[in-house]
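**Q** Shown below is the structure under consideration.
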Amino acid sequence: PCGMGQSCSDPNLSYASQHDFVCTCDSDKSITKTDGPATCEKDECSTNPCGTGQTCADPNPSPTSLKDFTCTCDKDNSVQATGAAATCEIDECLMTPCGMGQSCSDPNLSYASQHDFVCTCDNDKSITKTDGPATCDKDECSANPCGAGQTCSDPNSSPTSLKDFTCTCDKDMSVQTVGTPATCEIDECASSPCGMGQSCNDPDMSYGSQDDFVCTCDSDMSITKVGSPATCDKNEC
2 PCGMGQSCSD
12 PNLSYASQHD
22 FVCTCDSDKS
32 ITKTDGPATC
42 EKDECSTNPC
52 GTGQTCADPN
62 PSPTSLKDFT
72 CTCDKDNSVQ
82 ATGAAATCEI
92 DECLMTPCGM
102 GQSCSDPNLS
112 YASQHDFVCT
122 CDNDKSITKT
132 DGPATCDKDE
142 CSANPCGAGQ
152 TCSDPNSSPT
162 SLKDFTCTCD
172 KDMSVQTVGT
182 PATCEIDECA
192 SSPCGMGQSC
202 NDPDMSYGSQ
212 DDFVCTCDSD
222 MSITKVGSPA
232 TCDKNEC
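Residue numbers (my numbering): 2 to 238.
Written as structure tokens, this is what we have:
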């Protein structure tokens with residue numbers, strides 16, 4: 002009278018004692034019923050065998066049908082397993098979360114471990130960030146590539162945009178170059194600092210070398226002075 006998956010016991014076999022048989026579920030001995038089959042259905046999903054990030058379905062909760070539950074990955078319904086948890090690996094780096102100029106690594110691909118990907122700057126491996134792009138900006142002007150007498154500007158400090166800094170001459174802002182120091186030559190003789198009767202020579206026209214022009218007397222080339230007019234007076238007496 003109990004059917005499949007149940008055992009039957011009759012505590013009193015006398016004719017006067019009828020309808021007192023007991024049905025006990027084979028899957029759970031605590032489930033019994035007198036005078037009829039017990040309800041022995043067992044939903045295997047009730048114990049959460051799939052774990053986090055998966056959906057469990059038990060198509061047949063009959064006590065004779067065990068290990069037929071199905072685990073389906075929430076993020077990818079095509080990935081599922083029967084009778085055990087599915088392997089729901091998720092490589093967070095596949096979505097390129099770090100962006101240009103950075104490498105991505107996901108140390109734990111399990112579904113339960115998310116937001117643990119690491120972004121590392123290509124131009125400086127010591128700069129990293131977890132669960133988001135690292136700050137890899139590089140101001141090329143910080144290394145003072147232009148040198149003295151020039152102003153440096155870096156319009157794009159992205160790590161993928163290098164050698165785009167601009168050097169501009171302080172004395173002449175129309176003179177500038179990109180990616181290298183500008184040629185900021187200054188001929189100090191152009192303003193005729195020596196005056197009449199003297200010749201002027203500027204041996205080093207770089208901006209860093211000023212007041213090094215040489216004045217030489219036309220009347221006596223042995224008389225010279227650096228940085229200011231020479232004294233060329235000649236007393237004929």
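Glycine residues also receive a C-beta, built at the ideal position from the N, C-alpha and C atoms.
Predicted, not measured: the structure shown is a model, and the values here were computed from it.
Three or more C-beta pairs closer than 8 angstroms, one from the segment 95-110 and one from the segment 79-87: is that the case here?
**A** no
**Q** Using only the alpha-carbon positions, how far apart do S31 and T53 sit?
**A** 30 angstroms
**Q** Between which residues of its own chain and G198 is the CB-CB distance below 6 angstroms, once the five residues before and five after are set aside?
**A** D219, C233
**Q** Can you name, in chain order, every residue of its own chain whose Cβ lies under 8 angstroms from the Cβ of N49, other than the five neighbours on each side?
**A** C57
**Q** Going by C-alpha to C-alpha distance, which of S154, P38, L67, K172 sits closest to S143?
**A** Closest option to S143, judged by alpha-carbon separation, among S154, P38, L67, K172: S154.
**Q** Grab the span of the beta strand (DSSP E) containing A58 for me, first residue to last.
**A** 55-58
**Q** For C51, which three-state DSSP category applies?
**A** It is coil, neither helix nor strand.
**Q** Given that a residue counts as buried once 16 or more other Cβ atoms are within 10 Å of its Cβ, and exposed if not, what is A135?
**A** buried
**Q** Nearest by alpha-carbon distance to N92: which of P108, A86, S127 is it?
**A** Strictly speaking, residue 92 in this sequence is Asp, with Asn absent from that position. Nearest of P108, A86, S127 to D92, Cα basis: P108.
**Q** Compare the Cα-Cα distances from S28 to each of D44, F214, G228 and report the closest residue.
**A** D44
**Q** Name, in chain order, the residues that DSSP records as bridge partners for C216.
**A** Among the bridge pairs identified by DSSP, C216 is matched with C201, K226.
**Q** Quick one: residues in its chain with C-beta nearer than 8 angstroms to the C-beta of D11, no 5 flanking neighbours on either side, listed in chain order?
**A** Excluding the 5 residues flanking it on each side, D11 has same chain C-beta neighbours closer than 8 angstroms at D21, F22, V23, in chain order.
**Q** Is the Cβ-Cβ distance between C74 and C89 less than 7 angstroms?
**A** yes
**Q** Buried or exposed for V119, going by 16 or more other Cβ atoms inside 10 Å?
**A** buried
**Q** Excluding the 5 residues flanking T225 on each side, which residues of the same chain have their C-beta closer than 8 angstroms to its C-beta?
**A** V215, C216, T217, C218, A231
**Q** Measure the alpha-carbon distance for S127 versus G133 and round it to whole angstroms.
**A** Using only the alpha carbons, I get a separation of about 15 angstroms.
**Q** G228 and D212: beta carbons closer than 7 angstroms?
**A** Closer than 7 angstroms, so yes.
**Q** Is the Cβ of M222 closer than 7 angstroms to any Cβ of chain D?
**A** The chain labelled as chain D is not found in the depicted structure, where only one protein chain is given.
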